[in-house]
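Everything on this sheet refers to the single structure shown next.
8 protein chains.
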Amino acid sequence: MPEVIFGLGKSAGHVVAIAERLLAREGNVLITRATPAMAERVVAELPDAEYFPVSGAIRFWRNRVKTGKGKIAVVCAGTSDISVAEEAQVTAEVMGNEVEAIHDVGVAGIHRLLASSERLAQARVVIVCAGMEGALPSVVGGMVSVPVIAVPTSVGYGASFHGLAALLGMLNSCASNVTVVNIDNGFGAGYVASLINRL
Amino acid sequence: MPEVIFGLGKSAGHVVAIAERLLAREGNVLITRATPAMAERVVAELPDAEYFPVSGAIRFWRNRVKTGKGKIAVVCAGTSDISVAEEAQVTAEVMGNEVEAIHDVGVAGIHRLLASSERLAQARVVIVCAGMEGALPSVVGGMVSVPVIAVPTSVGYGASFHGLAALLGMLNSCASNVTVVNIDNGFGAGYVASLINRL
Amino acid sequence: MPEVIFGLGKSAGHVVAIAERLLAREGNVLITRATPAMAERVVAELPDAEYFPVSGAIRFWRNRVKTGKGKIAVVCAGTSDISVAEEAQVTAEVMGNEVEAIHDVGVAGIHRLLASSERLAQARVVIVCAGMEGALPSVVGGMVSVPVIAVPTSVGYGASFHGLAALLGMLNSCASNVTVVNIDNGFGAGYVASLINRL
Amino acid sequence: MPEVIFGLGKSAGHVVAIAERLLAREGNVLITRATPAMAERVVAELPDAEYFPVSGAIRFWRNRVKTGKGKIAVVCAGTSDISVAEEAQVTAEVMGNEVEAIHDVGVAGIHRLLASSERLAQARVVIVCAGMEGALPSVVGGMVSVPVIAVPTSVGYGASFHGLAALLGMLNSCASNVTVVNIDNGFGAGYVASLINRL
Amino acid sequence: MPEVIFGLGKSAGHVVAIAERLLAREGNVLITRATPAMAERVVAELPDAEYFPVSGAIRFWRNRVKTGKGKIAVVCAGTSDISVAEEAQVTAEVMGNEVEAIHDVGVAGIHRLLASSERLAQARVVIVCAGMEGALPSVVGGMVSVPVIAVPTSVGYGASFHGLAALLGMLNSCASNVTVVNIDNGFGAGYVASLINRL
Amino acid sequence: MPEVIFGLGKSAGHVVAIAERLLAREGNVLITRATPAMAERVVAELPDAEYFPVSGAIRFWRNRVKTGKGKIAVVCAGTSDISVAEEAQVTAEVMGNEVEAIHDVGVAGIHRLLASSERLAQARVVIVCAGMEGALPSVVGGMVSVPVIAVPTSVGYGASFHGLAALLGMLNSCASNVTVVNIDNGFGAGYVASLINRL
Amino acid sequence: MPEVIFGLGKSAGHVVAIAERLLAREGNVLITRATPAMAERVVAELPDAEYFPVSGAIRFWRNRVKTGKGKIAVVCAGTSDISVAEEAQVTAEVMGNEVEAIHDVGVAGIHRLLASSERLAQARVVIVCAGMEGALPSVVGGMVSVPVIAVPTSVGYGASFHGLAALLGMLNSCASNVTVVNIDNGFGAGYVASLINRL
Amino acid sequence: MPEVIFGLGKSAGHVVAIAERLLAREGNVLITRATPAMAERVVAELPDAEYFPVSGAIRFWRNRVKTGKGKIAVVCAGTSDISVAEEAQVTAEVMGNEVEAIHDVGVAGIHRLLASSERLAQARVVIVCAGMEGALPSVVGGMVSVPVIAVPTSVGYGASFHGLAALLGMLNSCASNVTVVNIDNGFGAGYVASLINRL
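Chains as they are written, first to last, in the working numbering: chain F, 7 to 205; chain E, 7 to 205; chain X, 7 to 205; chain Y, 7 to 205; chain U, 7 to 205; chain C, 7 to 205; chain W, 7 to 205; chain B, 7 to 205.
Here it is as structure tokens:
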């Protein structure tokens with residue numbers, strides 16, 4: 007298991023200090039929700055830092071043993087959801103998994119999603135990130151027979167209420183193989199998917 | 007246009023009286039949300055009443071001129087949504103339209119929906135009724151290039167909050183051709199679809 | 007159909023790149039929710055761009071064939087709602103429609119609205135944008151017998167809850183010919199109205 | 007001022023006992039929200055009781071001095087709102103006012119409301135009861151230059167959320183002369199209107 | 007009646023232009039919710055402007071005829087509520103009323119409020135502004151027998167939800183003489199109080 | 007400490023069985039939220055049961071040692087709040103406290119509350135139960151310098167939203183000595199007050 | 007996979023008919039949310055029906071092959087949560103899993119939970135059902151390193167808002183191995199746990 | 007009792023002026039929610055100011071008499087909750103109490119909390135600050151038999167809704183000795199704990 011630092015609300019100096027301490031004893035360290043300024047400092051002060059600017063993740067990936075027994079698919083509905091999908095992917099990879107990224111397959115263009123069904127079918131666990139109406143996990147859930155972890159994103163405006171619409175939609179999914187994590191919680195989805203993929 | 011009586015909260019006697027008065031001067035009359043007791047009395051006292059027990063609609067359909075220029079498709083996600091779909095269909099028919107009913111094509115079984123794509127393609131307007139996560143209108147919206155009227159239903163439990171989850175989902179649809187009516191408002195959907203189909 | 011780029015949250019460079027690619031193959035392109043900085047760059051780099059600063063829309067309108075069979079009326083309640091009404095109008099025009107703009111006819115001055123009844127009566131579809139209590143679609147809905155698309159706007163303060171009050175009001179409209187789109191979704195209203203006006 | 011007993015949740019026996027005690031010393035007594043069973047017992051045991059079954063009000067109106075200096079108009083949108091309007095009227099009358107009842111003038115049929123403008127113009131205070139979208143107070147507010155007291159009613163279904171939609175609409179009224187009371191609080195509206203009409 | 011310009015969201019130039027036009031034909035003009043920059047420009051360009059920086063109101067008060075028949079009391083709970091109380095007072099004054107300002111009499115120090123009871127008793131209408139729990143209107147309502155207009159303010163944090171707690175509290179007031187306006191709507195309260203005080 | 011059985015949702019037989027078992031080894035047992043049928047059976051089958059029908063509490067009070075060092079005042083706003091106040095009082099008594107009950111002192115009649123100030127002043131802890139706007143704890147909090155435990159009750163209608171208005175009001179109290187328990191949780195208030203009074 | 011019939015809202019006759027048809031071709035069938043009357047009829051008409059009255063589940067368990075590779079622990083907080091836990095257990099069993107039931111280990115008695123840590127440690131997946139504050143999944147999540155599926159239950163009153171408090175709590179869990187299903191959705195939890203346990 | 011200035015929304019100059027006046031006559035003064043700029047000015051202009059930058063508290067602690075009869079424990083779940091815990095501690099100390107700070111003992115690492123049980127057991131009152139799911143007060147409540155004051159913090163994202171999830175969780179605590187204050191209200195918790203500890 008990597009050590010994880012939740013960057014949101016911490017100072018850059020504090021994050022560097024924690025990361026330094028953890029890196030002294032751990033193989034892998036993951037920082038989530040880093041601001042650009044924080045990332046700049048981390049990258050400047052610590053070797054091996056991979057920075058993912060879309061999601062704000064920073065990864066120290068020293069131990070690259072594959073512990074996952076199969077692939078994890080990370081699916082997202084629109085290009086705006088990629089930040090959350092990236093956090094899920096970075097997490098799953100640093101936890102020892104091979105990830106199949108399937109982006110921009112929103113339900114209003116169902117044929118794009120159907121065209122990905124073979125890639126979906128090869129996954130042992132599927133993570134689905136979607137904002138707005140949050141419909142994608144239900145459709146994906148019906149296409150596969152493995153666990154689907156749904157991540158509502160805060161993408162949208164007006165009556166999306168910062169991800170609430172997508173969250174409620176996913177909790178009410180008519181597909182029985184769907185469970186849900188908090189809004190924008192790509193990390194949590196990647197983490198649980200990794201636990202499942204180790205089994 | 008038929009005359010319409012909203013039955014909810016009215017007494018059976020009151021509904022019979024209004025219906026009698028309207029029938030004296032109109033061709034078609036529609037009663038919505040009738041209770042079984044109300045329906046029994048209406049059917050007993052007024053000739054020509056067609057009672058639809060699933061939705062509680064009662065129809066007096068004397069003038070059967072077709073004013074709609076094409077078909078209206080009425081699609082629903084699950085068998086529990088049929089009561090709302092039936093209200094939409096009964097309304098659209100009494101307003102002079104041919105209706106194509108496509109039931110039980112929820113998004114978790116996407117192939118059933120895709121198998122209906124030809125029937126969908128023949129419609130000039132599509133009504134989509136769905137509860138729970140309310141994802142169906144977005145998928146249907148992407149399959150057709152005509153207006154889609156989405157009706158959230160109160161089907162569901164827990165975090166569906168009596169149809170709120172479906173309502174929010176539909177308002178945030180990523181398909182641009184979707185508009186929304188109130189929860190369980192099959193009548194309104196049938197009415198607007200009829201106005202569109204006359205054009 | 008024009009190609010549409012949803013500008014919100016995208017970088018100016020990204021938007022220019024997408025627009026360039028689309029313009030190479032399409033007649034018409036519409037960018038919505040552009041920031042002033044994004045608009046400045048688009049206008050500087052791409053010929054033919056019409057920028058609408060009130061709504062943030064940018065339009066490339068090369069193919070001006072009228073496909074709408076009648077007029078679309080775009081009605082708004084107050085001057086603060088014009089940004090949303092403009093987005094609806096720009097969309098409907100680029101999709102081949104003639105638009106009749108009827109602004110500043112809020113329900114608290116009912117005679118201004120009534121004075122517009124002839125212009126309203128000539129429309130085949132009506133779009134109504136209103137914030138605060140969102141009452142205008144119900145009144146307009148009673149004045150016309152064509153479909154009315156209601157757009158709640160986020161105009162207001164306090165218990166308007168960023169457009170929620172208007173949204174709920176419109177969903178509960180006592181006029182049967184009203185359907186609703188998301189808060190501030192002028193684009194969606196213009197899009198659906200265009201689909202209807204083609205029929 | 008009459009003495010007032012809020013009947014909701016009290017036993018019939020308790021209400022009779024309180025009423026008996028108050029009638030021994032007061033001219034006028036008003037009971038609100040009586041159930042039919044409670045009303046039957048009150049009428050059986052106490053002389054002079056006037057029972058209003060639509061609203062559940064019971065009135066003992068012994069002192070009929072007019073203290074109001076003008077008329078109070080009580081306006082309602084639909085027939086389902088009459089229960090609340092009746093409570094307002096009964097209250098205003100027992101507090102010494104002449105009431106002008108203007109029913110069934112919902113905003114979707116604006117000409118019916120406009121036809122009442124002369125009667126409205128004669129009122130010193132106007133009470134407006136409306137459910138669903140709650141738009142009527144804004145329109146009435148624009149037609150008169152006296153205080154308007156808006157009463158949201160719980161009439162509606164789905165996204166009316168038991169009167170919440172109407173309440174929010176009224177609080178956001180674009181007419182400056184509107185204030186609001188609790189959902190279904192016809193009594194409060196009648197009470198405040200009476201205080202104003204005494205001035 | 008003064009002409010009123012709602013400043014929120016308008017540009018300074020636009021406000022100056024409207025004010026200029028109105029001042030050419032009206033005695034009194036009121037601008038509400040002006041930003042400091044807007045106020046600076048208005049004061050610089052238009053003579054007679056009185057600027058109230060706490061509430062953002064700007065007043066042109068040329069016709070000072072008293073049309074109110076008595077005093078209006080404007081009461082507020084804490085010093086943070088004064089911005090809303092000031093808007094109410096400025097409005098009531100420019101509409102021809104004498105105002106009695108009673109500030110900082112929150113319910114947790116009930117003796118300060120009781121010490122104001124004589125001043126309260128002289129008012130024909132009372133406006134009460136309060137944030138947080140919004141309890142003050144109920145207490146004041148019990149101390150006077152005239153209409154009380156309650157203004158919830160957005161003062162508070164956490165579970166005040168930007169004034170929602172105070173709003174709900176006021177709508178549920180156990181004092182029968184209380185009506186409510188929108189959160190922070192000092193203008194509306196001053197306006198309605200003025201209408202009442204003219205009677 | 008007494009043993010406590012939360013009766014809501016349990017069968018009468020189950021409650022009798024648990025009570026029997028506890029009474030075999032404990033001095034005092036308290037059953038809360040008993041239905042009338044459950045109470046009837048408990049009273050019939052178990053000796054010493056005191057039944058409090060207003061709150062649904064049943065008490066077995068065998069060990070009557072006073073462990074509280076002073077009085078606990080239990081204050082309530084209206085007669086409808088007495089059920090919750092009774093639950094608090096029964097709990098505090100069975101936990102060894104002397105209770106001073108001060109009922110029907112709602113804030114709209116502030117002089118009744120002020121008349122109780124001496125009785126309030128003698129309490130070491132104060133419990134305040136109020137529904138509707140929930141204003142009473144703030145006023146009481148300002149009158150005493152001891153801890154105040156506020157209990158919102160579900161008394162009210164419309165925008166009280168089953169006690170939510172009172173709950174939010176109490177959480178936002180401007181009196182610093184107020185803490186809050188769940189809606190209608192008289193038991194919890196009595197329990198914590200007893201813990202405090204033992205100190 | 008068993009076939010599943012969601013009983014809520016269906017008629018007993020309809021359920022019997024579906025079950026009969028499914029039993030003709032499937033090994034295992036599960037009916038959820040059966041009412042007592044529905045259960046009575048199913049048990050009377052169909053052989054092999056096991057009825058679980060606490061949860062309303064009915065099971066036809068003919069094919070008892072174990073497909074799960076380890077144990078699934080089903081944990082619940084209080085006795086009132088057992089109905090949901092039972093639905094999860096019945097589902098997991100009929101899908102071929104061995105279930106370890108750990109009941110009544112709410113967080114306010116942390117030592118009871120800790121005493122179960124060895125049983126927890128043997129599970130490959132853990133389901134945790136809790137109402138009220140929904141805290142149990144976070145504590146359990148910290149005790150195990152396998153996936154935890156949290157089921158909020160509607161147990162509680164007042165500010166539990168029918169399970170909303172527990173749902174929000176679980177979505178915000180500080181344990182990274184927790185995912186969430188809909189309120190009272192024991193079936194969904196059992197289903198996903200079974201999918202995971204097959205891996 | 008110290009005098010308290012709520013800094014939020016006040017100008018630095020105003021705060022200095024109030025503090026100066028209070029310091030002339032009081033022993034102790036506490037300023038809460040000071041911004042860094044405000045703190046800088048207060049520290050520069052007034053002697054003896056202790057500034058606590060994490061919480062924004064400023065303390066003038068001249069009279070250091072211990073009035074509390076025992077210790078107050080201030081417990082917090084994560085490092086992000088320390089700002090609220092610090093406000094509670096600073097308040098309790100300036101009110102004459104010895105404080106035992108127990109930080110970073112969130113429920114997902116239950117052994118860290120259990121390791122603090124002796125320190126907890128020595129407290130006469132316990133304050134527990136937690137964001138996210140707000141589970142900590144329930145666990146702590148079960149470990150001690152003294153009053154627990156729960157402070158929900160706004161720490162979290164997505165479905166924490168700025169502390170609402172933690173607030174609801176704490177109000178529904180299954181531990182009977184828990185009462186709750188407003189979100190982030192460390193001051194209120196410290197204040198009430200001090201009142202209790204004086205008894």
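Cβ coordinates follow ideal geometry from the N, Cα and C atoms, glycine included. These figures come from a predicted structure and were not determined experimentally.
Proximal residues, the stretch 57-89 of chain B versus chain U, C-beta separation under 7 Å: Against chain U - using a Cβ distance shorter than 7 Å - the stretch 57-89 of chain B contributes no residues.
Proximal chain Y residues relative to glycine 169 of chain X, where beta-carbon distance stays under 8 Å: Those within 8 Å of glycine 169 of chain X in chain Y number zero; the least Cβ separation is about 10 Å.
Closest Cα partner of methionine 138 of chain C within the set C:Ser160, C:Gly102, C:Ala94: When C-alpha distances from methionine 138 of chain C are compared across C:Ser160, C:Gly102, C:Ala94, the shortest belongs to C:Ser160.
For cysteine 135 of chain Y and histidine 109 of chain Y, the rounded distance between their alpha carbons: CA-to-CA, the gap between histidine 109 of chain Y and cysteine 135 of chain Y works out to about 9 Å.
For glutamate 92 of chain W, the three-state DSSP class (helix, strand or coil): DSSP places glutamate 92 of chain W in helix when its eight states are reduced to three.
Three-state class that DSSP yields for valine 186 of chain W in the structure shown: DSSP, read as helix, strand or coil, puts valine 186 of chain W in strand.
Sub-8 Å separation of asparagine 34 of chain U and valine 100 of chain U beta-carbons: Taking 8 Å as the Cβ cut-off, asparagine 34 of chain U and valine 100 of chain U qualify as a contacting pair.
CB-CB length for alanine 114 of chain X against glycine 147 of chain Y, believed under 8 Å: So it is a contact: roughly 6 Å between Cβ atoms.
Closer than 8 Å to chain C by CB, threonine 159 of chain B: Closer than 8 Å: no.
Candidates U:Val10, U:Ser179, U:Glu46: closest to tyrosine 163 of chain C by CA position: The residue with the shortest Cα to Cα distance from tyrosine 163 of chain C is U:Ser179.
Cβ-based burial, valine 71 of chain X [other Cβ within 10 Å; buried from 16]: In the assembly as shown, valine 71 of chain X is an exposed residue. Its beta-carbon has fewer than 16 other beta-carbons within 10 Å.
Residue-level contact to chain U via CB, threonine 38 of chain Y, 8 Å cutoff: For threonine 38 of chain Y, not one C-beta of chain U is nearer than 8 Å to its own C-beta.
Counterpart residues of threonine 38 of chain Y in DSSP-defined beta bridges: Its beta-bridge partners are Y:Phe12.
Backbone CA spacing between leucine 126 of chain X and valine 105 of chain X [nearest angstrom]: Straight-line measurement puts the Cα of valine 105 of chain X at about 11 Å from the Cα of leucine 126 of chain X.
Residue from E:Pro42, E:Ala107, E:Gly13, E:Arg65 whose Cα sits closest to the Cα of alanine 83 of chain E: Alanine 83 of chain E has its Cα closest to that of E:Ala107, out of E:Pro42, E:Ala107, E:Gly13, E:Arg65.
Spatial neighbours of methionine 176 of chain X in its chain, beta-carbon cut-off 7 Å, leaving aside the 5 residues before and after: Result list for methionine 176 of chain X: Gly140, Pro143, Ala156, Pro158, Val184, Val186, in chain order.
Cβ neighbour criterion (16 or more within 10 Å) applied to valine 60 of chain Y: Counting Cβ neighbours within 10 Å, valine 60 of chain Y comes out exposed, since fewer than 16 surround it.
Check whether arginine 39 of chain C and phenylalanine 12 of chain C have beta carbons under 8 Å apart: In this structure, phenylalanine 12 of chain C lies closer than 8 Å to arginine 39 of chain C by Cβ.
Status (buried if at least 16 other CB within 10 Å, exposed otherwise) for alanine 98 of chain B: A residue is called buried when at least 16 other Cβ atoms come within 10 angstroms of its Cβ; alanine 98 of chain B meets this threshold and is buried.
Isoleucine 189 of chain C at chain W interface by Cβ criterion, 8 Å: Isoleucine 189 of chain C counts as touching chain W.
Assigned secondary structure, glutamate 124 of chain B (DSSP; H/G/I helix, E/B strand, else coil): Here glutamate 124 of chain B sits in helix by DSSP.
Sub-8 Å separation of arginine 19 of chain X and threonine 41 of chain X beta-carbons: Note that residue 19 of chain X is glycine in the sequence shown, not arginine. 8 Å or more divides the Cβ of glycine 19 of chain X from the Cβ of threonine 41 of chain X.
C-beta neighbour in chain E for tyrosine 197 of chain Y, strict 8 Å: Chain E, which has no Cβ nearer than 8 Å to the Cβ of tyrosine 197 of chain Y, makes this no.
Alpha-carbon to alpha-carbon, isoleucine 116 of chain Y and serine 122 of chain Y: One C-alpha to the other measures close to 10 Å.
Beta carbon proximity, leucine 173 of chain Y to chain C, threshold 8 Å: True, the Cβ-Cβ gap to chain C drops below 8 Å.
Amino acids of chain B, ordered along the chain, whose beta-carbon sits closer than 8 Å to that of alanine 141 of chain U: What alanine 141 of chain U touches in chain B: nothing, since even the nearest Cβ is about 15 Å away.
Per-residue burial, glutamate 56 of chain Y [other beta carbons within 10 Å of its own, 16 or more giving buried]: Under this definition glutamate 56 of chain Y is an exposed residue.
Length of the line joining the Cα atoms of asparagine 188 of chain F and valine 154 of chain W: Taking the CA atoms as reference points, asparagine 188 of chain F sits about 14 Å from valine 154 of chain W.
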